Amino acid sequence: MLKRIRHKRHASNSWADTPQSSVDSCGSISSTSSRKRGDRRDVRPGAPQEPNEYNFNFKRRGLFLLINNKNFARETHQQPREGSDVDAERLEERFQDLGFDVRRFDDVTRSKMATLMYDVLQREPAGSRGGDAAASVNTNRIPVEADFLFAYSTVPGYFSWRNNQEGSWFIQALCIVLENYGTKMELLHMLTHVNRIVAYEFASCSDKEFTDYMKQMPCLVSMLTRYVHFRPKKQDIR
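As structure tokens, this is what we get:
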């Protein structure tokens with residue numbers, strides 16, 4: 001939900017400037033730190049002070065936290081997720097190849113999962129959102145929801161299919177794309193390719209008519225503000 005922020009008006013009935021930005025009469029956003037009075041230039045994405053890509057060129061590219069829940073408590077009456085281990089092993093391999101620190105946890109309860117996430121947030125250094133945290137102090141305020149990407153294996157309300165021997169359709173497709181294009185293609189482009197593979201190349205095979213020849217469509221929700229490339233690391237980084 002969007003919240004409307006009200007500013008006090010001057011006697012001239014113009015909007016009061018905030019420390020970082022102001023809203024002019026035609027609704028465009030302009031930076032007060034880089035403009036003079038009467039200068040109505042808009043801030044454009046890709047300006048020199050705002051790189052177009054997140055910076056992953058570090059010795060430790062990032063943390064890949066992998067939670068693989070295959071077995072469940074008896075009282076849940078949930079059958080084991082056969083094929084889940086195959087997914088986990090493939091993801092480990094792909095993201096290790098991309099330079100991530102992969103940490104895998106199997107059969108994690110809800111309470112343990114919450115504790116695990118809290119511990120990771122406490123121990124890991126804060127992300128720099130596209131640059132060196134120590135060298136890129138940015139006074140521009142951004143929404144707290146920025147710089148997240150959610151990739152769902154299927155749209156809400158539909159099955160997410162998994163093969164007992166080969167693993168889930170979505171992870172199969174994801175790992176194929178990462179293996180072939182992981183260092184060459186932008187992340188959202190890769191995930192679009194994953195969408196196509198799952199949608200076109202997979203169909204269920206079942207002895208029950210209502211679950212036979214079913215299809216699946218992955219779903220992406222992006223709040224990214226830059227492009228994501230896992231380019232090969234430079235040799236001189238520390």
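Residue numbers for the sequence shown follow UniProt numbering, beginning at 1 and rising by one. No residue lacks a Cβ here, since even glycine has one placed at the ideal position from N, Cα and C. Please read these numbers as outputs of a predicted model, since none were measured by experiment.
Any beta carbon from chain C within less than 7 Å of residue i's own beta carbon?
i	result
Arg60	Absent from the structure is chain C; it holds one protein chain and no more.
DSSP puts residue i in a beta bridge; with which residues?
i	result
Tyr158	Tyr158 is not bridged to any residue.
Ala199	None; Ala199 has no bridge partner.
Arg81	For Arg81, which the question treats as bridged, DSSP gives no partner whatsoever.
Val221	Phe150
Asn163	Gly167
Arg104	Leu66
Glu89	None, per the DSSP bridge assignment.
Glu53	Tyr227
If I'm right that residue i touches residue j with Cβ under 8 Å, what's the distance once you round it to whole angstroms?
i	j	result
Ala151	Pro218	7 Å
Phe230	Thr183	6 Å
Lys234	Asn57	6 Å
Val108	Asn69	6 Å
Phe100	Gly62	5 Å
Leu191	Leu220	6 Å
Given a cut-off of 7 Å on the beta-carbon distance, is the pair residue i and residue j in contact?
i	j	result
Asn52	Tyr227	yes
Leu65	Arg103	yes
Ala203	Tyr213	yes
Ser168	Asp87	yes
Arg162	Gly83	yes
Cys175	Arg90	yes
His193	Val177	yes
Quick one: give me the first and last residue of the beta strand (DSSP E) that residue i is part of.
i	result
Ile67	63–68
Residue range of the alpha helix (DSSP H) that residue i falls in?
i	result
Phe170	169–181
Ser111	110–123
Decide if the stretch 71–89 is in contact with the stretch 110–118; the criterion is three or more beta carbon pairs, one per stretch, under 8 Å apart.
no
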